[in-house]
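Chains as they are written, first to last, in this note's numbering: chain A, 548 to 1358; chain B, 506 to 829; chain C, 41 to 200. All residues carry an ideal CB built from backbone N, CA and C; glycine is no exception. Everything numeric in this text was worked out from a predicted model, so none of it was measured. Contents: one structure, followed by commentary.
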């Protein structure tokens, strides 16, 4: 990169464009919308974990005064699901229920109270099926299968792949670490409960407002299940009151309420209760992991064999991707020359798991960072030094064919080590006090779309107004991360206008070009690059027209401060931005430009290579200081230092907010958040409430010192990388590692509860966590040569993908 | 949105009238509303009639009497009481219990009387109607089985009040006024029925009108609370302790709460302290005896075995605090 | 059966018409159209629906509207002064204290009440007083920054 450019907005802290709207109560979330004649919808949910539906009788409910319509699954036979390979959900279960909470019928009534009462008048007869709650049992053959599809028994997906010869690498090692680690499931808990308003228009079209992170995917699912062309359906994503991945699947309630609106010809709204939000779930998978790491005495890693067993819950959701993600990113932080990954995702009769902040990479990162700590201990090295000497080089390709661009991990580690006084304090604090370090990495946007296509991942259209206003249209959804602000800032920076002169029009499938959605930390990079392209095209037109009028060569013109001026005579030869638009419109006609973004092609070509690649990875390192009470096992986190390699911060205030928010959410996962079910009580969720699902309060949140590592990345807009998810990842392992520093015990499980800490203190081997790992019965491991072995990115025979001889994909 | 069912709402202005309505309409009482409204929204209870105490001026305020007795009107909010410096200094156990309750916002609304009459709580009870239907309801709420202890004929819902064990330890007296008249009851006697369905020894129409805490001449007291978060959470173990005597202990009270349907007095542990100085070995013996006094079950946050273990630690820490 | 009652909200008297079992939260949002007050659980477990009753922050999901006769109710829509956003509203917007914005009205009102009692609270006071409002986005830190900045603004106003 050339020398650092001077920007008006980029890199600075500035007020977000929707800030005052949110702080004055103006922002309309989905449940804030009301319409004349609006009906209220509620869903009847299964109260049994696994059963065939024998009959559903809605007649008594339908006869109630105020009940306008009832709906069952029979009228919506088409399935849907976020991934093309797991279209296994129905808007309402037509024939079978798979967990307590699965919806079977819907009611539309004139008040929410009547709708609620009507649910009690719907009679469902079930024929019970054997439930399965335990992944270890699910991998054995089952009589009552949860789904008819999948790999075997209640196994949804098996993955096994090997890059290089891991057995040989482990044989060759001086030490082999062998750890079994468990990461309990947890959930997003957005403050806003999901809500959807569906409006049937007189001309047969349907408009839907919803708290969704992915209006484009909801658009597709809605069209499929309702059997309506997408051109007649308009999805508008309202600002989300928090998402974190919890609103990135299309949901049954969104489709059921739309169907009720179509059936009744009236607007129809559904707002979930907090309990129902727990049933929507799609949060962190519980994952049991087994990791073997080979080490040389000099501190280098010879290879890793990593296994993961995922408890997927009742449906596919993003699960196939989640499974791959539990194996994908182990290689992008440290040099791992040989690597094998076996992953199994099972179906169980519990709410479905899916993507939560850090999707699928959080659990293995916990396991790997604990193992790195143990490895350093075994080798008698400092954990920070050990990590520093193993950092993956920049501009490299990993053993599993992931392309690495810039890496700021070294600087991240150095910064947190320095700021926390690590060298003087780690291993030297009084008993009970400890410091722990961990690192991580995350993708800046998934390299591939969720359904196969070669179209852009994000598109931006600009419309320039004669009065100097600019409207930026984009399908991206602001879920609180600040994407509206990033869009406006990118456009304002390039066109040289005030950010408040840019109006954003977002997440409306009728009005805005597709952006795939607010997931995988993709929006800033992808939307940002598309916005820059669109703005540069507009600037070209303005400059061309202004150059004619000002009689200076276009190359000398600069757009800044709401003006277009001659860089050699800024005071004499200039015009206002609005004048430039007027001249440009006279010269070229209506001014509208477009930009689009598609990630670069990735080197991996084997089956499964689609999960893991990204334009560029972000990196983080964190040090946690805590006090662990050896009598109670309680952990009190005192301070967290975190450094994040962000490329460049588009908006410093929002970037730091993302880091701190990620640390917060990570701390909740580290200490207290868990999704637990009562296996012996019909598989009910143990605690579907905000009181008993423990989200840290102000009193649990310690001081956080955030350091941004900024070296612009060639792939990012102005050099920016992701910040929304990565900073969460190092927190949990850093807590576990700090507990070891404090008390000399290993808690190989997350959350690190007082029970586990105490049991480790009281145990002989000073450890708590899972004791064994089941035999996954892996028989067919795909072999792929690493770059070092001279591979071509595809697998060996017979796993090689048969490619048709066609034109190469565009670069 | 979780909504309330319909009910007749009565707001009497005098206690006798309130008691009469409760008896006639089989009404439930609401003070601050932080316990009853959520329970009604979850349809744990669906009273046809609710009597509000908010306009009973006689139940408000608090004052220190000349003899050092503190009289508190049960409608005093927790927040008002925690801001009273004299409460903080003279009754540290009560003050600690109050400030530990839920959140500042809920303490603005919640009353001391409400906390002392808090309904018992259980993971199988404090759930929505739909959830409870999935387990076929529980003994306390229209069902036939206590899911906490399926063989049991009694309900194991937990007394989760922070102030109840403190009131017992401080030897408080409550004045109750019902349709049939007024009586005084010792705090220890109000909670002694060990069943989560019927945890208060009082008639439904008896309204708590006064909370009387006697002067704590020479007694030192404290309260410790186990929970996951320092805000919002109910206790899953509460330890109120009081001792008298410099040098050797003359009198001791150790009361556990949130370990079962009723608070538990650790009589054996108390006895072990009398006549001894609060030194390590005395405390060690007392805490071992205290641990035997309660058997928490799996119907609150934290593992029951862990809660049991924590009795040892919390009793020890409470006594150590009082020793200093 | 609905009842009619006068409610004082944000300095204005409203004739409200609602079912008597409705909470203040429901009446504000559904009968008075004041959707700035949000809800996250309706059971007193999150703090999202906080409003001020006679200046004290309370949870509107646990207050019956019929109990609010003669009470001055303040919601987020009533924080602006002469159509100028309250310093807290400005600072929250500016300093990243409102990410998704959903818990924001509750935090703003708790903070407003706090600053009226204690014009320059320290961090520890902020932690204690805000412990009844949950936020899933920010980790609270930028919320403290915003309140501290607003506290200075308010003091500067007074001094001016």
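| query | For residue 143 (chain C), which residues in chain A fall below 7 Å Cβ to Cβ? | reply | 738, listed in chain order.
| message | Give me the chain A residues within the contact set of residue 85 (chain C), using Cβ-Cβ distance strictly less than 7 Å, ordered along the chain. | response | Taking a Cβ-Cβ cut-off of 7 Å, the neighbours of residue 85 (chain C) in chain A comprise 1236, 1237 and 1238, given in sequence order.
| Of the choices A:862, A:913, A:1260 and A:676, whose alpha-carbon is the least far from that of residue 1195 (chain A)? | Comparing Cα-Cα distances from residue 1195 (chain A) to each of A:862, A:913, A:1260 and A:676, the minimum goes to A:1260.
| Which ranges does the beta strand (DSSP E) cover as unbroken runs of at least 3 residues, wholly within the region 823-864 of chain A, from first to last along the chain? | Within the region 823-864 of chain A, the runs of beta strand (DSSP E) at least 3 residues long that lie entirely inside it are, in chain order, 834-842 and 848-858.
| field | Boundaries (first-last residue) of the beta strand (DSSP E) holding residue 762 (chain B) | value | Taken as a continuous stretch (DSSP letters only), the beta strand (DSSP E) holding residue 762 (chain B) covers 756-762.
| message | If you follow the alpha helix (DSSP H) that residue 1280 (chain A) is in, where does it begin and where does it stop? | response | Where residue 1280 (chain A) is concerned, the enclosing alpha helix (DSSP H) stretches over 1278-1290.
| How would you label residue 691 (chain B), buried or exposed, when you count the other beta carbons within 10 angstroms and need 16 or more for buried? | Sixteen is the threshold: since fewer than 16 other Cβ atoms of the shown chains lie within 10 Å of the Cβ of residue 691 (chain B), the residue is exposed.
| request: Would you tell me roughly how many angstroms separate the C-alpha atoms of residue 1001 (chain A) and residue 1149 (chain A), rounded to the nearest one? | output: Cα-Cα distance, rounded: 14 Å.
| residue 987 (chain A) to residue 1275 (chain A) span [Cα, whole Å] | Residue 987 (chain A) and residue 1275 (chain A): Cα-Cα distance of roughly 9 Å.
| Mind pulling the chain B residues with CB within less than 8 Å of residue 61 (chain C)? | By Cβ distance, chain B contributes 508, 509, 510, 511, 512 and 514.
| message | I believe residue 181 (chain C) touches residue 1207 (chain A) by the beta-carbon criterion, under 8 Å. Please report the beta-carbon distance rounded to the nearest angstrom. | response | So it is a contact: roughly 5 Å between Cβ atoms.
| Straight-line gap, residue 194 (chain C) to residue 562 (chain A) (C-alpha atoms, nearest Å) | For residue 194 (chain C) and residue 562 (chain A), the distance between alpha carbons rounds to 19 Å.
| field | Within 8 Å, strictly: CB atoms of residue 994 (chain A) and residue 1166 (chain A) | value | No.
| task | Using three-state DSSP, classify residue 888 (chain A) as helix, strand or coil. | result | It is a strand residue.
| Based on the DSSP secondary-structure assignment, which residues constitute the bridge partners of residue 1197 (chain A)? | DSSP, once it has assigned bridges, lists no residue as partnering residue 1197 (chain A).
| query | Counting contacts by CB-CB distance shorter than 8 Å, is residue 1050 (chain A) in contact with chain B? | reply | Closer than 8 Å: no.
| said: Rounding to the nearest angstrom, what Cα-Cα distance links residue 706 (chain B) and residue 166 (chain C) in this structure? | reply: Rounded to the nearest whole angstrom, the CA to CA distance from residue 706 (chain B) to residue 166 (chain C) is 41 Å.
| message | Is the separation between the beta-carbon of residue 901 (chain A) and that of residue 796 (chain A) shorter than 8 Å? | response | Result yes, Cβ atoms of residue 901 (chain A) and residue 796 (chain A) sit closer than 8 Å.
| request: Tell me whether residue 636 (chain B) sits in a helix, a strand or coil according to DSSP, three-state version. | output: When DSSP states are grouped into helix, strand and coil, residue 636 (chain B) belongs to the helix group.
| message | With a threshold of 8 Å between beta carbons, is residue 171 (chain C) in contact with chain B? | response | Yes - at least one Cβ of chain B is within 8 Å of the one on residue 171 (chain C).
| said: Would you say residue 542 (chain B) lies against chain A (beta-carbon separation less than 8 Å)? | reply: Residue 542 (chain B) does not count as touching chain A.
| query | Between residue 1037 (chain A) and residue 1047 (chain A), what straight-line distance do the alpha-carbon atoms span, to the nearest angstrom? | reply | Taking the straight line joining both Cα atoms gives about 12 Å.
| field | Which residues DSSP lists as bridging residue 1122 (chain A), in chain order | value | Bridge partners of residue 1122 (chain A): A:1111.
| said: For a contact defined as C-beta to C-beta under 9 Å, what are the partners of residue 1241 (chain A) on chain B? | reply: Under the 9 Å cutoff, chain B gives 733, 734, 737, 738 and 806.
| query | Does the region 820-835 of chain A come close enough to the region 1113-1122 of chain A to have 3 or more Cβ pairs within less than 8 Å? | reply | The region 820-835 of chain A makes no contact with the region 1113-1122 of chain A: fewer than 3 CB pairs, one atom from each, lie closer than 8 Å.
| Going straight from the alpha carbon of residue 1160 (chain A) to that of residue 744 (chain B), what length do you get? | Using only the alpha carbons, I get a separation of about 54 Å.
| Is residue 608 (chain A) near residue 683 (chain A), with beta carbons less than 8 Å apart? | No, they are not a contact pair.
| said: For a test of your reading of the model: does the CB of residue 1156 (chain A) fall under 7 Å from any non-hydrogen atom of the ligand COA? Yes or no. | reply: The ligand COA is not among the ligands present in this structure, which contains no ligands whatsoever.
| message | With DSSP as the reference, identify every bridge partner of residue 1144 (chain A), one or two as the case may be. | response | DSSP lists A:1005 as the beta-bridge partner residues of residue 1144 (chain A).
| Taking C-alpha atoms, which residue in A:1074, A:687 and A:817 lies nearest to residue 591 (chain A)? | From the listed residues A:1074, A:687 and A:817, the smallest Cα separation to residue 591 (chain A) is found for A:817.
| task | Check the C-beta distance from residue 1342 (chain A) over to residue 1331 (chain A) and give it rounded, since I have them as a contact under 8 Å. | result | Their Cβ separation, rounded to whole angstroms, is 5 Å, which keeps residue 1342 (chain A) and residue 1331 (chain A) in contact under 8 Å.
| task | Pick helix, strand or coil for residue 708 (chain A), following the three-state DSSP scheme. | result | Shown here, residue 708 (chain A) sits in a strand according to DSSP, grouped into three states.
| Which residues does DSSP pair with residue 1183 (chain A) in a beta bridge? | Note: residue 1183 (chain A) sits in a beta bridge opposite A:1174.
| message | Quick check on the burial criterion: 16 or more other C-beta atoms within 10 angstroms. Buried or exposed for residue 567 (chain A)? | response | Result: buried.
| task | For residue 549 (chain A), collect the residues of the same chain with a Cβ closer than 7 Å to its Cβ; drop the 5 residues on either side in sequence, then sort them by chain order. | result | Low per-residue confidence applies at residue 549 (chain A): pLDDT is 42, beneath 50, and the placement is therefore not dependable, though the value from the model is reported in the following sentence. Only residues of its own chain outside the window of five on either side were considered, and among them none has a CB closer than 7 Å to the CB of residue 549 (chain A).
| message | I'd like the list of long-range same chain contacts for residue 756 (chain A), defined as Cβ closer than 6 Å, with 5 residues on each side in sequence excluded. | response | If we look at residue 756 (chain A) and ignore the five residues flanking it on each side, its Cβ neighbours are 577, 580, 744, 783 and 785.
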